[in-house]
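Visitor:
In this note's numbering, the protein residues as written are 5 to 332.
#1: As a quick exercise: from 269, 270 and 301, pick the residue whose alpha carbon is nearest that of residue 283.
#2: Which one of 226, 276, 275 and 82 has the shortest CA to CA distance from residue 1?
#3: Excluding sequence positions up to five away, which residues of its chain have a Cβ less than 7 Å from the Cβ of residue 89?
#4: Quick check on residue 169: does DSSP put it in helix, strand or coil?
#5: Alpha carbons only, please: which of 142, 325, 143 and 155 is nearest the one belonging to residue 136?
#6: Identify the continuous beta strand (DSSP E) that holds residue 69 and give its terminal residues.
#7: So for residue 297, helix, strand or coil by DSSP?
#8: Are the beta-carbon atoms belonging to residue 28 and residue 87 less than 8 Å from one another?
#9: Within 10 angstroms of its Cβ, does residue 37 collect 16 or more other Cβ (buried), or is it exposed?
#10: Beta strand (DSSP E) containing residue 52: first to last residue?
#11: Tell me whether residue 12 is buried or exposed, calling it buried when 16 or more other Cβ atoms sit within 10 Å of its Cβ.
#12: What is the residue span of the beta strand (DSSP E) that residue 13 lies within?
#13: Touch check for the stretch 137 to 154 and the stretch 190 to 201: three-plus C-beta pairs under 8 Å?
#14: Near residue 255, what residues of its chain come up, given a Cβ to Cβ distance below 6 Å and the 5 sequence neighbours on each side ignored?
#15: In chain order, what residues of the same chain lie with their CB nearer than 6 Å to the CB of residue 85, ignoring the 5 residues before and after it?
#16: Measure from the alpha carbon of residue 104 to the alpha carbon of each residue in 91, 125, 112 and 92, then state which is nearest.
#17: Where are the alpha helix (DSSP H) runs, 4 residues long or more, that stay fully inside the stretch 227 to 301, in chain order?
#18: When you compare the CB positions of residue 295 and residue 323, do they come within less than 8 Å of one another, or not?
#19: For residue 316, which residues from the same chain have a beta carbon less than 7 Å from its beta carbon, with the 5 sequence-adjacent residues on both sides left out?
#20: Helix, strand or coil for residue 113? Go by DSSP, reduced to three states.
#21: From residue 161 to residue 94, what distance separates their C-alpha atoms?
#22: Leaving out five residues on either side along the sequence, give the residues of the same chain with a beta carbon under 7 Å from the beta carbon of residue 178.
#23: Going by Cα to Cα distance, which pick from 288, 106 and 230 is closest to residue 266?
#24: Smallest Cα separation from residue 32: which of 240, 62 and 183?
#25: Going by beta carbon distance, what residues of the same chain come within less than 6 Å of residue 106, once the five residues before and after it are set aside?
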């Protein structure tokens with residue numbers, strides 16, 4: 005290993021999500037290859053490795069196996085970037101304590117510390133996110149905030165950096181995080197080149213909330229609210245004010261707003277906005293309707309309002325979004 009190579013280690017455990025592991029590590033490996041192929045370096049810029057409580061095979065949630073060559077006790081030398089993968093096995097790891105204790109012990113010794121998806125729970129359990137902003141998979145953000153009240157959980161970003169600690173949203177967002185770390189290390193030109201090879205954005209437009217609108221309605225336990233969410237999704241151009249929705253739910257506006265926010269995790273106004281953006285996104289991708297017509301169909305009240313909403317939530321304007329994502 006070159007003395008100048010950055011050592012990247014990923015913490016894994018039984019029932020880890022394999023994409024949380026292989027996605028980010030492939031970004032680092034691909035960067036090393038690109039730099040060598042283009043004469044920027046004679047040797048790899050990064051080395052990647054897996055670490056776990058024990059050496060040997062680790063069975064992922066998909067049933068595939070990862071071969072771990074170093075246990076926590078085997079790790080010697082400095083680690084530049086330590087990442088913690090997510091997956092359904094994180095719950096068991098919180099109880100086992102071995103990974104949490106090792107991460108807590110290693111944290112002061114590494115240059116950068118990060119998590120992918122529910123790996124944030126292990127960082128939080130180790131006390132490393134106290135007083136910091138963090139994110140995780142959108143479905144787990146409420147749980148993370150409730151379990152660790154000293155952590156400021158932001159449910160929307162693809163990833164969050166708070167000083168030297170990074171947390172990413174779910175699954176493929178780990179690749180976005182890794183690419184951001186590459187850009188931090190190697191510069192925008194290299195990150196852009198690697199992103200092109202991996203068919204990615206250097207900075208993905210929008211946050212993770214854009215992916216969760218239809219799924220949120222399926223996950224809500226309160227049946228009247230769940231049915232209302234479906235109705236909102238089917239009628240984005242209707243009067244979706246709190247007063248109108250409260251009447252439809254046979255509640256007072258104040259009680260409706262309270263119950264909706266508790267059950268869904270966002271205010272009615274925020275959910276309506278996300279729903280309208282999602283409806284507009286689908287039309288921009290799949291139809292030839294003009295922006296004015298889409299704005300009317302989706303309840304924005306005008307193309308300019310829709311444009312401002314897209315810039316704020318998706319971080320691109322509707323025309324650029326259509327250019328990037330429209331189905332051929």
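Yeah, the Cβ is synthetic: ideal placement off N, Cα and C, and Gly gets one too.
Guide: Well, looking at it:
#1: 301
#2: The first residue shown for the chain is 5 and the last is 332, placing residue 1 beyond what the model contains.
#3: 14, 15, 16, 20, 21, 24, 25, 120 and 123
#4: strand
#5: 155
#6: 69 to 72
#7: helix
#8: yes
#9: exposed
#10: 50 to 56
#11: buried
#12: 10 to 15
#13: no
#14: none
#15: 12 and 116
#16: 125
#17: 227 to 238, 246 to 252, 257 to 268, 272 to 290 and 295 to 301
#18: yes
#19: none
#20: helix
#21: 21 Å
#22: 24, 27, 28, 120, 121 and 172
#23: 230
#24: 183
#25: 76
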